[in-house]
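S.K.: Using numbering that gives the first Met the number 0, the letters of the first sequence map in sequence onto residues 0 to 261. Even glycine gets a Cβ: it sits at the ideal position worked out from N, Cα and C.
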Amino acid sequence: MKIATWNINGVKARIDNLRQWLTDSQPEIVCLQEIKSVDEGFPRLEIEALGYHVETHGQKGFNGVALLSKIRPDEILRGLPGDDGDEQSRYIEGVFSVPRGAIRVASIYLPNGNPPEDPVKYPYKLSWMERLRQHARNCLLLEEPLILAGDYNVIPEPHDCFDPAVWATDALFLPETRAAFRRLENLGLVDAVRATTDATKLYSFWDYQAGAWQKNNGIRIDHLLLAPEAADRLKATAIEKHVRAWEKPSDHVPVVGLFDFN
DNA sequence: ATGGTCGTAAGACGA
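Dropping the structure here:
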């Protein structure tokens with residue numbers, strides 16, 4: 000079973016790329032981020048025509064996440080628990096039946112947090128990460144395959160970016176950000192890509208500016224974090240980098256995990 | 001080079 004995460008940076012601008020990639024790659028479950036659309040604006044019919052169920056948690060203009068799946072979800076949770084006052088659409092979770100039980104898959108769009116000196120943005124990122132940790136801890140108690148997939152806006156380690164010095168003061172790479180990400184991992188979650196390769200220069204995002212793609216000035220910020228019950232079933236991962244060279248690309252590419260839940 | 005490049009949605013703002 001192929002499960003993917005992709006920050007598509009606007010579903011309306013990316014509909015052709017999205018359809019092409021779904022047709023080529025045939026993922027069973029896709030976690031989308033930055034759909035930048037309200038629920039009613041999502042091009043649902045085009046995606047359904049390719050055989051996918053569509054569940055969205057949208058927002059006007061910014062943010063917005065979605066789950067596309069060949070199998071219909073049994074349950075959907077919209078919004079990250081822990082703060083009823085949080086208006087931003089950054090989390091959607093689905094439960095899907097598999098041959099020997101159920102898996103839980105979340106699409107996560109973690110706050111960017113820049114600039115770090117902003118009185119609101121960086122604290123919001125850190126508090127969101129702590130809420131995610133609390134929610135993940137509760138999910139882990141269920142002892143079922145849990146896959147937390149998305150744009151974490153976190154560069155976990157120096158070798159996950161082309162030049163650590165450039166990112167030293169960025170909210171994506173500050174020591175406090177990395178520490179919060181480690182606290183999440185230390186619940187017992189596995190970084191799927193790192194668990195399956197020790198390759199370097201593996202990136203999932205290249206800025207549109209300054210020829211970042213052409214120079215391979217990328218960062219690895221899109222991750223699949225797996226509970227032990229999911230990590231046991233992981234067969235392979237891939238970063239579908241070729242998509243970044245398409246016409247009108249997103250600045251992120253799909254990151255996929257291949258699982259055997261039979 | 002106190003910028004560059006996008007998407008959303010109609011002018012900034014977020015990234």
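Skipping 5 residues on each side, what residues in its chain have a beta carbon closer than 6 Å to that of I28?
M.R.: Here residue 28 is taken as the residue at index 29 of the first sequence, counted from 1. Closer than 6 Å at the Cβ level, and outside the excluded window around I28, lie I2, S68 and V104.
S.K.: Opposite A3 in the DSSP bridges: which residues?
M.R.: Working through the first sequence from its first residue, we reach residue 3 at position 4. According to DSSP, A3 bridges with V29 and V255.
S.K.: Flag this pair as touching only if the segment 106-119 and the segment 166-176 have three or more C-beta atom pairs under 8 Å; answer yes or no.
M.R.: yes
S.K.: To the nearest angstrom, how far is the alpha carbon of I34 from that of I46?
M.R.: Counted from its first residue, the first sequence places residue 34 at position 35. Counted from its first residue, the first sequence places residue 46 at position 47. So the two alpha carbons sit approximately 13 Å from each other.
S.K.: Out of curiosity, what's the CA-to-CA distance linking E228 and M0?
M.R.: Sequence index remark: in the first sequence, residue 228 carries index 229 (1-based). Sequence index remark: in the first sequence, residue 0 carries index 1 (1-based). Straight-line Cα distance between these residues: approximately 15 Å.
S.K.: Using CA atoms only, rank isn't needed, just tell me which of I220, R132, Q208 and E239 is closest to G187.
M.R.: For the purposes of this step, residue 187 is identified with residue 188 of the first sequence, where counting begins at 1. Of I220, R132, Q208 and E239, the residue nearest in Cα terms is R132.
S.K.: Below 8 Å on the Cβ atoms is my guess for V252 versus S203; work out the distance and round it to an integer in Å.
M.R.: Against the first sequence, residue 252 aligns to sequence position 253. Against the first sequence, residue 203 aligns to sequence position 204. 6 Å between Cβ atoms; contact.
S.K.: How long is the line joining the alpha carbons of D159 and T199, rounded to whole angstroms?
M.R.: Residue mapping note: residue 159 aligns to position 160 of the first sequence, counting from 1. Residue mapping note: residue 199 aligns to position 200 of the first sequence, counting from 1. So the alpha carbons of these two residues sit roughly 8 Å apart.
S.K.: Are L109 and R89 touching if we call contact CB-CB under 8 Å?
M.R.: The residue labelled residue 109 in the question sits at position 110 within the first sequence. The residue labelled residue 89 in the question sits at position 90 within the first sequence. Closer than 8 Å, so yes.
S.K.: Under three-state DSSP, which class holds I14?
M.R.: As a position in the first sequence, residue 14 is number 15, starting the count at 1. Of the three classes helix, strand and coil, the one that applies to I14 here is helix, per DSSP.
S.K.: For D43, which residues of its own chain have a beta-carbon under 6 Å away from its beta-carbon, when the five flanking residues on both sides are left out?
M.R.: Mapped onto the first sequence, residue 43 falls at position 44. Reading the sequence as shown, one finds Arg at residue 43 and not Asp. Once the five neighbours on either side are set aside, the close Cβ partners of R43 are V53.
S.K.: I154 by DSSP, collapsed to three states: which one?
M.R.: One-based indexing of the first sequence puts residue 154 at position 155. Three-state DSSP puts I154 in coil, outside helix and strand.
S.K.: Is the distance from the Cβ of R232 to the Cβ of P144 below 8 Å?
M.R.: Working through the first sequence from its first residue, we reach residue 232 at position 233. Working through the first sequence from its first residue, we reach residue 144 at position 145. Cβ distance < 8 Å, so R232 and P144 count as in contact.
S.K.: Which residue wins for smallest C-alpha separation from I220, given the options V192, Y121 and E142?
M.R.: Within the first sequence, the letter at position 221 stands for residue 220. It is V192.
S.K.: What span of residues does the alpha helix (DSSP H) with K124 cover, start to end?
M.R.: As a working note, residue 124 is residue 125 in the first sequence. It spans K120 to L139 - the alpha helix (DSSP H) in which K124 sits, taken as one unbroken run.
S.K.: If I146 and L225 are in contact, beta carbons under 8 Å, what's the gap, nearest whole angstrom?
M.R.: For this step, residue 146 is matched to residue 147 along the first sequence. For this step, residue 225 is matched to residue 226 along the first sequence. The pair is a contact, with the Cβ atoms about 6 Å apart (cut-off 8 Å).
S.K.: Using only the alpha-carbon positions, how far apart do P72 and A164 sit?
M.R.: Within the first sequence, residue 72 is the residue found at index 73, counting from 1. Within the first sequence, residue 164 is the residue found at index 165, counting from 1. C-alpha separation (whole angstroms): 43 Å.
S.K.: With C-beta atoms as the reference, is L31 less than 8 Å away from A65?
M.R.: Translated into positions along the first sequence, residue 31 becomes position 32. Translated into positions along the first sequence, residue 65 becomes position 66. Yes, they are a contact pair.
S.K.: Starting from A194, trace the alpha helix (DSSP H) both ways and give me its first and last residue.
M.R.: Here residue 194 is taken as the residue at index 195 of the first sequence, counted from 1. Run containing A194: A191 to T195, per the alpha helix (DSSP H) assignment.
S.K.: What does E184 pair with, by DSSP beta-bridge criteria?
M.R.: Here residue 184 refers to the residue found at position 185 of the first sequence. Answer by DSSP bridge pairing: none, since E184 is not bridged.
S.K.: Which two residues bound the contiguous alpha helix (DSSP H) that contains V165?
M.R.: Taking the first sequence and counting its residues from 1, the one referred to as residue 165 is at position 166. First-last of the alpha helix (DSSP H) with V165: P163 to W166.
S.K.: List, from N- to C-terminal side, the alpha helix (DSSP H) runs of 4 residues or more that fit wholly inside the segment 21-104.
M.R.: The segment 21-104 contains, as complete alpha helix (DSSP H) runs of 4+ residues, the segments 43-47 (chain order).
S.K.: For the alpha helix (DSSP H) containing A230, name the first residue and the last one.
M.R.: One-based indexing of the first sequence puts residue 230 at position 231. Start and end: P227 to A230.
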